[in-house]
Amino acid sequence: MGKATLVVFVLALTASQTNGQTAAAPQAGAARAARVAGHPNFNGLWQAMTEANWDIVAHPARPGPTQFGALFSEPAGVGIVEGNEIPYQPQAAAKQKENFKNRWTADPEAKCYMPGVPRATYMPFPFQIIQGDKEIVIAYPFASASRIIHMTDVGESPADAWMGWSRARWEGDTLVVNVTNQIEDTWFDRAGNFHSDQLNVVERYTPVGDNVIQYEATMTDPKVFTRPWKISLPLYRRLEKNAQFLEFKCVPFSEELIYGHLRKK
Amino acid sequence: MRAATIATSFVVLALVVVHGQGQSKTPWGDPDLQGTWSNQTLTPLERPAQFKDKPVLTEAEAAAYEKRLVEQGDVDNRTPGTVQDVNLAYNQVWWDRGNKIVADRRTSLIVDPPDGRIPALTPAAQKRREEDRKAGDNEKSAASWLDFDVYSRCIIRSALPRLSTGYNNNYEIVQSPGFVAIMQEQMHETRIIPLGNQPHLTSTVRQWLGDSRGHWEGNTLVVETTNFTDEARGSTFQYATKNMRLVERFTRTSDRTIDYQFTVSDPDTWTRPWTAKLPWNRIDGLIYEYACHEGNLGLEHMLSAARATDDKK
Amino acid sequence: MKLTHIATIAALAFAATAPAALAHHSFSAEFDVNKPIKLQGTVKRVQWINPHTWIWIDVKKPDGTIEEWGVEAGTPNTLFRLGFTREALPVGTEIVVSGYEARDGAKRANGRDMTLPDGRKLLMGSSAGNDAQSK
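So, in structure tokens, the structure goes:
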């Protein structure tokens, strides 16, 4: 190796040692690096604080299954849908009303099915974002749903999936995620709002200080809606010192509902 | 000129040593384990009787053994009309067990005890194994889903530590400051491993994949997992109790390999702890969703078969 | 439906040295070892789902009527990694299935051995070129 090459090599090694940010302490509550590898730091445990999982549109308080009294009744909510209207095509509006009537058994949440995107974001449970540079993983507790968000070109999905196929890029400090190939069986909420297999969701995650992400999602589905529509809500960082991601493996809780008719009498 | 070259060489060497022999690092300085990996291997967990005193094969022996394993593993060659034939289910194209034994030609994944076998089970563990086998035989007349194991119920598809199985032996590792995430294709769960010395969850909170805490020892990620549950058939590793303690070690040994080791200990199950090593090799493919419970028609069919045969006793 | 007398292949004792965790799934609780079956039909619909792909075929009976059968296959994930997509098995493809009938009496079988009518194994040849399959 010539002397000039050696010098270049040494300089390169030195440069790689000082690249990037110093890691902040990992424990919750300690100071966190505001940026990682040149982008906002979305790592951590986040949770929505809205009534959207009951109904993403503005709604009054409502009874739950009446044999449980007020236990599983529903609070009112101002909704997360911009314009407060989901632009259903006429036949789809009728289907939503039918879904609503049957929601205690027809809601895929009742069967512990993975919730799809964006419902996984605003279910009332903390989820974890792990932000690598080629992939971002989001782990949701309910039904152990997970997503890999691809930051490089991985091509098309070979088939449909409950949590879809996510490909993303940065637009300045906003993470823009294009979600395609979701199967048609998920709902947006417990009120029966639904979509087809043509659904396309574009999510936008924008930091607002260190502990809030402004989350937006635009839904397009030519089989169900007359035009695209959008939801918007803040996500809050869980700040408790001992906050951690926990399992919510609900399959055992759903088996009676799903297989009860096949139990031996 | 020569003195300058030697001096520069020492500087380079020093820097190389400081960086751990060119070890790849994340932007914040942790060893980089990221990527898509597979732990598939044909090497069995326990040393087969034929290799009793042979912990490692020669290159020629390994090549022959590997060839035989691949031939025997080809399910397109099997005896029809047997229960085993039913259990092998499909053509070879649907299976993905790999076609390689471990690169270092060991005859077992177990490295300790030195005989490559799982240590003796306690009487209680032997009883648990016996009961599980009986339960397996009784599946044809299952009264409910509770008679099936966690695999058939799509709760988890094997307890930790995961060994090489029939397919989907794939993992995505993603890191961030203070965390390592391991997303398992089987079955779409993500293990979130906080780094640091926070205590584990309190003992009343049990999880199907336990509760993990990680830290770095040099270039090795050491993960300790406790708080398992034994509430269902198959929910523990090899008939262990919920008090099993798992220690895993991940060391990146090249761009395409991670050296993975686990040690399990549970005095109520094994008379001593034991350790196994199996490599994780990089794959160029992707992880796909494995929505098990959502498509679990198999369990429904097995239960309806049990009901259909209720009267035929 | 004709029952096929499958010629016994030179027995490869597939036991002690077989890879671990082989027959974990309780297929013999779902399909009946005493009811082997051979079906020939055209693909109507494929559900590329987990844990099992389901292939629905129309089988023409000797009397000319059509019967729908469901054939259970493996995880699509393995096929996706080989380069297949959901276009791998187009509607209208004629396939031959050797398997075992469902124990509950429904028109379902497992796709223990699936071929095209000319005898070639189904899903052979891919962009990845899977040599192990060419037998």
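In order, the protein sequence lines correspond to chains A, G and R. Numbering follows our numbering, in which position 90 of the first sequence is assigned residue number 90; successive positions increment by one, without gaps. Just add 265 to the spot in the second sequence (first one is 1) and you have our numbering. Just add 578 to the spot in the third sequence (first one is 1) and you have our numbering. Positions of the beta carbon are idealized from the N, C-alpha and C atoms, including for glycine. The structure displayed is predicted, hence computed values, not measured ones.
- Could you tell me whether the Cβ of R/Pro-668 comes closer than 8 angstroms to any Cβ of chain A? With 8 angstroms as the cut-off, R/Pro-668 does not count as an interface residue toward chain A.
- Residues near G/Ala-390 by beta carbon distance below 6 angstroms, same chain, minus five either side: Exclusion of the five residues before and after G/Ala-390 leaves Tyr-504 and Thr-534 as the residues of its chain whose Cβ lies within less than 6 angstroms of its Cβ.
- Message: According to DSSP, is R/Gly-619 part of a helix, a strand, or is it coil?
- Response: Annotated three-state conformation of R/Gly-619 is strand, per DSSP.
- Message: Just list the residues that DSSP pairs G/Gly-479 with in beta bridges.
- Response: According to DSSP, G/Gly-479 bridges with G/Leu-460 and G/Val-488.
- Message: Rounded to whole angstroms, what is the Cα-Cα separation between A/Leu-246 and A/Pro-141?
- Response: For A/Leu-246 and A/Pro-141, the distance between alpha carbons rounds to 6 angstroms.
- Grouping DSSP H, G and I as helix and E and B as strand, with all else coil, what is R/Pro-629? Three-state result, R/Pro-629: coil.
- Message: If we require 4 or more residues per run, which alpha helix (DSSP H) segments fall completely within the region 367-416 of chain G?
- Response: For the region 367-416 of chain G, whole alpha helix (DSSP H) runs of length 4 or above, ordered along the chain, are 388-402.
- Message: Does chain R have any CB closer than 8 angstroms to the CB of A/Ala-143?
- Response: No, A/Ala-143 does not count as interfacial toward chain R.
- Query: Does DSSP classify G/Asp-524 as helix, strand or coil?
  - Reply: G/Asp-524: strand per DSSP, three-state reduction.
- Item | Continuous beta strand (DSSP E) stretch holding A/Trp-54: start and end | Here A/Trp-54 belongs to no beta strand (DSSP E), and DSSP marks it neither H nor E.
- Check the Cβ-Cβ distances between G/Trp-410 and every residue of chain R, and say whether any is below 8 angstroms. It does not; no Cβ of chain R falls within 8 angstroms.
- Query: What residues of chain A sit near R/Trp-626, judged by a beta carbon separation below 7 angstroms?
  - Reply: The answer, in chain order, is Ala-159.
- Query: Pick from G/Asp-318, G/Ser-429, G/Lys-290 and G/His-558: whose alpha carbon is nearest that of G/Thr-372?
  - Reply: Out of G/Asp-318, G/Ser-429, G/Lys-290 and G/His-558, the CA that lies nearest to the CA of G/Thr-372 is found in G/Asp-318.
- Query: Between the C-alpha atoms of A/Ile-130 and A/Ile-56, what's the straight-line distance to the nearest angstrom?
  - Reply: For the pair A/Ile-130 and A/Ile-56, the Cα-to-Cα distance works out to about 27 angstroms.
- Measure from the alpha carbon of G/Ile-420 to the alpha carbon of each residue in A/Met-114, A/Lys-249, A/Ala-52 and A/Ala-106, then state which is nearest. Selected option, being the one with the closest Cα: A/Lys-249.
- Message: Would A/Tyr-259 pass as an interface residue toward chain G - the criterion being a Cβ-Cβ separation below 8 angstroms?
- Response: Contact of A/Tyr-259 with chain G is assigned, a C-beta pair being separated by under 8 angstroms.
- Query: Exposed or buried, which one is A/Thr-186 when buried takes at least 16 other CB atoms within 10 Å?
  - Reply: A/Thr-186 should be labelled buried.
- Message: Could you check whether the Cβ of A/Met-163 sits closer than 8 angstroms to any Cβ belonging to chain G?
- Response: Yes - at least one Cβ of chain G is within 8 angstroms of the one on A/Met-163.
- Closer than 8 angstroms, CB to CB, is R/Leu-700 near chain G or not? Interface residue, yes.
- Query: Just reading off the beta strand (DSSP E) that G/Pro-292 is part of, what are its end residues?
  - Reply: From DSSP, G/Pro-292 is part of no beta strand (DSSP E); its letter is neither H nor E.
- Item | Strand pairing of G/Asp-361, partner residues [DSSP] | G/Asp-361 is not bridged by DSSP to any residue.
- Item | Listed by chain order, chain G residues near R/Glu-608 by CB distance under 8 angstroms | Neighbours of R/Glu-608 in chain G, taken as residues whose beta carbon is under 8 angstroms from its own, are Gly-563, His-566, Met-567 and Ala-570 in chain order.
- Is it true that the CB of G/Glu-559 sits closer than 8 angstroms to the CB of A/Met-114? Going by C-beta atoms, A/Met-114 is nearer than 8 angstroms to G/Glu-559.
- Task: Tell me where the beta strand (DSSP E) around A/Trp-104 begins and ends.
- Result: Per DSSP, A/Trp-104 lies in no beta strand (DSSP E); the unbroken alpha helix (DSSP H) holding it starts and ends at 103-106.
- State yes or no: is the beta carbon of A/Pro-90 nearer than 8 angstroms to at least one beta carbon in chain R? By this cut-off, A/Pro-90 is not an interface position.
- Integer Cβ distance of R/Thr-746 from R/Glu-679, believed to fall under 8 angstroms: Because chain R in this structure spans residues 579 to 713, residue 746 of chain R falls outside the shown range and cannot be described.
- Nearest-angstrom Cα distance between G/Arg-456 and G/Val-415? Distance between the alpha carbons of G/Arg-456 and G/Val-415 is about 18 angstroms.
- If contact means a Cβ-Cβ distance below 7 angstroms, which residues of the region 429-461 of chain G contact chain A? Against chain A - using a Cβ distance shorter than 7 angstroms - the residues of the region 429-461 of chain G are Glu-437, Val-439, Gln-440, Ser-441, Pro-442, Gly-443, Phe-444, Ala-446, Met-448, His-453, Glu-454, Thr-455, Ile-457, Pro-459, Leu-460 and Gly-461.
- Message: Any beta carbon of chain G sitting closer than 8 angstroms to that of A/Pro-124?
- Response: Answer no: the Cβ-Cβ gap between A/Pro-124 and chain G never drops below 8 angstroms.
- Message: Is R/Thr-663 close to chain A? Criterion is C-beta to C-beta, closer than 8 angstroms.
- Response: Taking Cβ atoms only, chain A reaches closer than 8 angstroms to R/Thr-663, which makes this a yes.
- Enumerated in chain order, which unbroken segments of the beta strand (DSSP E) with a length of 3 residues or greater are wholly contained in the region 661-692 of chain R? Look at the region 661-692 of chain R and you find these whole runs of beta strand (DSSP E), each 3 residues long or longer: 672-680 and 686-688.
- Could you work out which residues of chain G lie near A/Val-179, taking near to mean beta carbons separated by less than 7 angstroms? Correct list: empty, because the minimum Cβ distance to chain G is about 13 angstroms.
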